[in-house]
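Chemist: Chains as they are written, first to last, in this note's numbering: chain V, 468 to 1108; chain A, 468 to 1108. Have a look at this one.
Number of protein chains: 2
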Amino acid sequence: MQALRIALGQMEVVPGRPDLNTRSMLDMIESARVKNADMIIFPEMCVPGYFLGDTWEQRSFLRDCEHYGRLVVEASSGLCVLFGNVGVDWSKTGDDGRVRKYNSFFISQNGELRGGDNFPYPFRIKTLQPNYREFDDTRHFYSLRKLAQEMGVQAEKLLQPVNLEINGKLLKLGCILCEDGWSDDYNLEPIAIISSKGPVDLFVNISSSPFTTGKNSKRNRVFSRQVRDNGVPLAYVNNVGIQNIGKTVYTFDGQSTVYSGEGEIIDHCPPFSTELKIIDLNLSGGLRVDGPAAVPDDWDIGSIQLALSYGIERFLSSIGMGRVVLGVSGGIDSAVGACLYTSVLGPENVLLVNMPSRYNSTTTRSLAARLAQNLGCLYTVMPIQESVDRTVQQIVDTPVVSPVSDDVYLSLSSFMQENIQARDRSSRVLAGVASAFGGGFTCNANKSEMTVGYSTLYGDLAGFLAALGDLWKHQVYDLAHFINEKIYGCEVIPREIIDLVPSAELSFEQSVDEGKGDPIVYPYHDYLFRAFMEYWNRAIPEDVLDWYARGVLEENIGCAKGLPGKIFSGPKEFIEDLEKWWGLYTGLGVAKRIQAPPVLAVSRRAYGFDHRESQNGVYFTARYLELKQIILDRRRDSLPQ
Amino acid sequence: MQALRIALGQMEVVPGRPDLNTRSMLDMIESARVKNADMIIFPEMCVPGYFLGDTWEQRSFLRDCEHYGRLVVEASSGLCVLFGNVGVDWSKTGDDGRVRKYNSFFISQNGELRGGDNFPYPFRIKTLQPNYREFDDTRHFYSLRKLAQEMGVQAEKLLQPVNLEINGKLLKLGCILCEDGWSDDYNLEPIAIISSKGPVDLFVNISSSPFTTGKNSKRNRVFSRQVRDNGVPLAYVNNVGIQNIGKTVYTFDGQSTVYSGEGEIIDHCPPFSTELKIIDLNLSGGLRVDGPAAVPDDWDIGSIQLALSYGIERFLSSIGMGRVVLGVSGGIDSAVGACLYTSVLGPENVLLVNMPSRYNSTTTRSLAARLAQNLGCLYTVMPIQESVDRTVQQIVDTPVVSPVSDDVYLSLSSFMQENIQARDRSSRVLAGVASAFGGGFTCNANKSEMTVGYSTLYGDLAGFLAALGDLWKHQVYDLAHFINEKIYGCEVIPREIIDLVPSAELSFEQSVDEGKGDPIVYPYHDYLFRAFMEYWNRAIPEDVLDWYARGVLEENIGCAKGLPGKIFSGPKEFIEDLEKWWGLYTGLGVAKRIQAPPVLAVSRRAYGFDHRESQNGVYFTARYLELKQIILDRRRDSLPQ
């Protein structure tokens, strides 16, 4: 077989909506037919959606997916339709005793399913099921590996190419699903195995793969190498849209790509947009005449801005919210948030609310007003001091009746009063204003704050979505610069907001005019927290202290060389700081995150479903305690080399 | 081998604390040695704890577990110590590319590990890894099934008895972990396979198995049958304590049990208490002379009360909270909550706060005061009307500045004002009072409310723990009766609280004195919601409507016969009601649960980690829409039979 016209159906998949997704597919199939495509390829799980939680436990929903899948198969006259759906074997059970489900790859042609001639089912199933980060495939789906074990055969036996006849010629298709193409960590390589049963004409990887900073660069490296190893072209089709698992919202960037047998990128779809791309493949090898396509960088702050804007837009649309309220303090986080939401909804649908107490400087109050003016948003000022004073008064003046003594009275420390301010802003003012405005109010917390619970529950940690909750503070600054320079081309975020010391302004101890601010030293702690939270092999105090003792801390966490030496007077102070933040990260921080809003994920590790955690309290390993003692006793000679 | 003295080490496992757990184990080993035990058996994962979230991704924590595991092995002189810990193969990786971890069974004797003679490791590993409900084993641990596949052998080959020498005689031990004994839904039965390699003298199942209503009755049925099938005695050892996965808190009831080869229960440890039980086993068969032991019922409300009290006590202790504040409305939920917390902490550490608005009747206000008096708790009244009025006034009176028009003003509907009341109570009053009192405030929501989001975010859905969040409303009533009759033997919860119509009292439309209350008809909706939420194969509107059409609704959901006919005037009203609640359950209810407090689990399905859900909105299947049309068109003859 020499020439093949394929259509990449980079569709938006709406999770849990087989009806809408099938309609999108039928439309694309019709377009592809008009353009004389031989084959159209849709993403993994494009009928039901991928992140559905425990919806897979609804038998009637499974039958509904089968119903809509049949409509797609019926529409495959004149061209071959490849798509993802749940495949159900009603005669068997999974390990949970429920009906057996497979994450499946359907190949249909002229109203019939293909590929059943050398496989137990009239569809192919996923071999490698990711079970890390946000992925939960093994909870719901039976893998090819388990099926092989049940049948008493090697998994290799079940990995066969699909035989298709197109334009009167035989096409041998390697059909794999998402993780099957990321086999480096597994002891089974589906592509290599199917190749060995070849010659295979074309590999197709249907995926439902969320955006993660740097993921596409890695995919291009991994897939190009695979393709070169096997010399067979590969079409990768990924969906766009957003899907969430409760506490974590993922954007899907599409970026469907076709690789030549030499591993070059022939063509790809743009990120974050629905696209039906027609590509004429020369299966005898070689590039198209126009040569390899350029691939967008996905490491820079620009790609994060794109993902965040897209994610906010689709999330608001999915929950039917057209207006939002943001509390703006005159600080950097709320300013960046205001820009993102305004760019999505337009200034007429964004209401910025400044809520000063006696601790808020005229500096930040006027900056908040300037930001609103620059963006053209609706703006209001609702002071909280009077309400906070009355709350404090009510609590300390109301007698508590005790059956065993005289009435007692409660008292509130200044720290408790700081939290009363934060809750007054969010739960009293913003929640009420948002309902009156006909929308929701945002949570402006960033990842640094979320890590150590530097925020108040039902206060600044409240809101319908934490759009910046997966950005370290230094990334929030990067984004502010990017927005001013690349999006608006002017200082829509006033320069003073960027230059100001970050502060919660909840007491006179946090006066921005005196340069006092947050206890978090972001240029150092951002990187320390990242080592705790994002490293594939997570760092804990034992690792950090060991790096510190061996003088290799900066290179291991990635902060500026010499910085810890400038911040801490010596080991004692370093250790106190380490234990303080570790205590907050694994202590109160967990309790707060349990009740935090959903986070919009961009990193390779976001809070929520991507970071399973238990409220277990603070722990230090035996080796940490030993190391600490050695260091504090200045027995440096006892240190490990 | 004829006689064996075994010690069941039913210890409290503190998750994430290898240091504390090892200390408990060393103490129990010493006691067992003094009592001349031949063998002491500890639970699964008793060194590290079981529900640790992604702590398993910390390499230094794994080394710490190994360190403490070695201390246990070293303590095994003179007796055999069986225990659970993570087993690490530092030379291999799991499917996630991280170092390979096994959920392992260690057998140590005289300072050395046993069982490596017929197995690739000096420890045994779990074969069947649960991956449903709250269980997440496959995310972190490599199973025996995967190991067998990697080695290219049948799993059967790796399932061998452990050969031990005790008192100079050979003992063949079948060592399994938790789920390995619950193999009914798997295509592999570890007990039967190991038996076939026998003769095995004794099976040992080390478990970390949370309390679930009815689970122990089922375990006794399942395990007795297994034992009878194989004719070999079985010792089951489970831990006590609590462990949580963020949003869901589990109690572990222990109830470690020894079964004779005939399947009779020889002896068992009490629920929810640490115990070292010594049992002399006659391995030649037959019961002990004193005959089979009685087993406590774990289906009744008493077992739920026990689990809740234990869970509250351990949870408070684990987070270091010694005092709590409850908002008491005069309604049933807060009354039951007040009783539970008071029984755990004593009345001097419980502060009950009544927060009336103009909508609260003198009836409920005086009932709240009587409850406080009956319990002897601290009590205070903090009215909210003034604060609510001022908030409403501030929101509607403050001009919103628009860059394109005159100032605009917001307005608040009565529904919005209801939510302002609820938030004022929790986020303004209770949160402030709790901090001043030196504790936290509770969330009194029940499962019926949580299902459909009948509660206000940052309002009555706030708090540090939802202790009643896994009880349907009718179970809250059962618990109230149980508390009065069995715990206190008097009406500590005033009878009027139980008899009163349930109401939020947030508007005059919800006047209890006029018999007006919640829109939820608990005797019907509790059962409808349970079918959505708790059924192993979850029901959705398609199933419910089908049952309704076929006249078999009541028997399928379990409510009183004829009840739907009394509530609804006909199919149209029935369908409207069904769609309304389904919409809330899968719509706003999800958004609220994402930010809800942890739930104390008692049922076979609790909200939180046991119920993975996505904020995907409301969906009706094609078959539902068809069925609905048929019913509304009164084309009954078109209905399926």
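By construction, the Cβ of each residue, glycine as well, lies at the ideal position given by its N, Cα and C atoms. Owing to the predicted nature of the structure, the values given are computational and were not obtained by experimental measurement.
With H, G and I counted as helix, E and B as strand and the rest as coil, what does DSSP make of A:Lys1033?
Modeler: Correct three-state label for A:Lys1033: helix.
Chemist: With 16 other CB atoms within 10 Å as the buried threshold, where does A:Leu637 fall?
Modeler: Exposed.
Chemist: Please report how far the alpha carbon of V:Leu475 lies from the alpha carbon of V:Ile508, in whole angstroms.
Modeler: Those two C-alpha atoms are separated by around 5 Å.
Chemist: With a CB to CB cut of under 6 Å and the five nearest residues on each side skipped, what residues in its chain are close to V:Ser662?
Modeler: Around V:Ser662: Asn697.
Chemist: Does V:Val756 come within less than 7 Å of chain A when only Cβ atoms are used?
Modeler: Here the model assigns V:Val756 a pLDDT of 42, short of 50, so the residue's position is not dependable and the matter cannot be decided.
Chemist: Identify whether V:Glu497 lies in helix, strand or coil by the three-state DSSP scheme.
Modeler: Three-state DSSP puts V:Glu497 in a helix.
Chemist: Can you give me the Cβ contacts of V:Lys714 inside the same chain, cut-off strictly under 6 Å, excluding the 5 residues immediately before and after it?
Modeler: Closer than 6 Å at Cβ, skipping near neighbours: Pro1065, Gly1075 and Phe1076.
Chemist: Going by CA-CA distance only, name the one from A:Phe999, A:Ile799, A:Val1057 and A:Glu1040 that's closest to A:Asp985.
Modeler: That would be A:Ile799, whose Cα lies nearest to the Cα of A:Asp985.
Chemist: In whole angstroms, what is the alpha-carbon distance linking V:Asp734 and V:Lys744?
Modeler: C-alpha separation (whole angstroms): 9 Å.
Chemist: Sorted by chain position, which residues of the same chain lie with C-beta nearer than 6 Å to V:Asp556's C-beta, five sequence neighbours on each side aside?
Modeler: So the list reads Arg567, once near-sequence residues are dropped.
Chemist: What first and last residue would you give for the alpha helix (DSSP H) that runs through V:Phe509?
Modeler: Run containing V:Phe509: none; DSSP gives neither H nor E here.
Chemist: Residues in its own chain within less than 7 Å of A:Thr489 by CB, not counting five upstream and five downstream?
Modeler: Cβ neighbours of A:Thr489 beyond the five flanking positions: Val514, Tyr535, Leu538 and Val539.
Chemist: Apart from the five residues just before and just after A:Asp651, which ones in its own chain have a Cβ nearer than 6 Å to its Cβ?
Modeler: So the list is empty, once near-sequence residues are dropped.
Chemist: Can we count A:Phe1035 as close to the ligand SAM, meaning its CB is less than 6 Å from some heavy atom?
Modeler: As for the ligand SAM, it is missing from this structure, which has no ligand bound.
Chemist: In terms of residue numbering, what span does the beta strand (DSSP E) encompassing V:Val848 cover?
Modeler: Taken as a continuous stretch (DSSP letters only), the beta strand (DSSP E) holding V:Val848 covers Leu845 to Val848.
Chemist: Closer than 8 Å, Cβ to Cβ, to anything on chain V: give me those residues from the segment 530–556 of chain A, in chain order.
Modeler: Cβ contacts with chain V come from Arg530, Asp531, His534 and Tyr535.
Chemist: Any beta carbon from chain V within less than 7 Å of A:Pro737's own beta carbon?
Modeler: No, A:Pro737 does not count as interfacial toward chain V.
Chemist: Can you list the residues of chain A that V:Gln525 reaches, using a CB-CB cut of under 8 Å?
Modeler: Residues of chain A passing the Cβ test: Asn1004, Arg1005, Ala1006 and Ile1007.
Chemist: Answer yes if the segment 1051–1066 of chain V comes into contact with the segment 916–932 of chain V, meaning at least three C-beta pairs across the two stretches below 8 Å, and no otherwise.
Modeler: Yes, since at least three Cβ pairs between the segment 916–932 of chain V and the segment 1051–1066 of chain V fall closer than 8 Å, the two stretches touch.
Chemist: Under a three-way DSSP split, which group does V:Cys806 fall into?
Modeler: Here V:Cys806 sits in helix by DSSP.
Chemist: Suppose the cutoff is 8 Å on Cβ atoms and the five residues either side in sequence are ignored; what does the same chain contact list for V:Asp604 look like?
Modeler: Correct list, in chain order: Asn570, Lys593, Gln596, Pro597, Asn598, Ser610 and Glu646.
Chemist: What residues match up with V:Ser571 in a beta bridge as DSSP calls it?
Modeler: In DSSP, V:Ser571 forms a bridge with V:Asn552 and V:Ile592.
Chemist: So what does DSSP say about A:Val726, is it helix, strand or coil?
Modeler: For the record, residue 726 of chain A in the displayed sequence is Tyr; it is not Val. If DSSP states are grouped into helix, strand and coil, A:Tyr726 belongs with the strands.
Chemist: Below 7 Å on C-beta distance, what does A:Gly843 contact in chain V?
Modeler: Result: Pro870.
Chemist: Hey, out of V:Val988, V:Ser915 and V:Glu601, whose CA is closest to V:Met1000's CA?
Modeler: Nearest of V:Val988, V:Ser915 and V:Glu601 to V:Met1000, Cα basis: V:Ser915.
Chemist: For chain V, find out if any of its Cβ atoms is closer than 7 Å to the Cβ of A:Gln1108; answer yes or no.
Modeler: Here A:Gln1108 scores only 49 on pLDDT, less than 50, and its place in the model should not be relied on; the value that follows carries that caveat. Not one chain V Cβ lies under 7 Å of A:Gln1108.
Chemist: Provide the residue(s) that pair with V:Lys714 in DSSP beta bridges, ordered along the chain.
Modeler: None; V:Lys714 has no bridge partner.
Chemist: The segment 563–575 of chain V: which residues have C-beta closer than 8 Å to a C-beta of chain A, in chain order?
Modeler: Of all residues in the segment 563–575 of chain V, Asp563, Gly564, Arg565 and Val566 have a Cβ within less than 8 Å of some Cβ in chain A.
Chemist: Going along chain V in order, which residues have a C-beta closer than 8 Å to the C-beta of A:Lys682?
Modeler: Ordered by position in chain V, no residue passes the 8 Å Cβ test against A:Lys682, which lies about 15 Å from the chain.
Chemist: Determine, using beta carbons only, whether V:Val900 comes closer than 7 Å to chain A.
Modeler: Yes, contact with chain A.
Chemist: Per DSSP, which one or two residues make a beta bridge with V:His1078?
Modeler: Note: V:His1078 sits in a beta bridge opposite V:Gly1075.
Chemist: Work out the CA separation of A:Tyr991 and A:Lys1039 for me, nearest whole Å.
Modeler: So the two alpha carbons sit approximately 17 Å from each other.
Chemist: Quick one: what's got a C-beta closer than 7 Å to V:Leu928's C-beta in the same chain, skipping five residues either side?
Modeler: Cys910, Ala912, Ser922, Lys1059 and Ala1063, listed in sequence order.
Chemist: Tell me which residues share the same chain as V:Arg755 and place their Cβ nearer than 6 Å to its Cβ, disregarding the 5 neighbours each side in the sequence.
Modeler: Its pLDDT being 49, under 50, V:Arg755 is placed unreliably in this model, and the coordinates cannot settle the point.
Chemist: Can you name the residues of chain A whose CB is closer than 9 Å to the CB of V:Thr679?
Modeler: Here the premise fails: no neighbours, minimum Cβ distance about 15 Å.
Chemist: Considering only their Cβ atoms, is the gap separating A:Gly899 from V:Ile851 smaller than 7 Å?
Modeler: It is not a contact, given that the beta carbons lie outside the stated cut-off.
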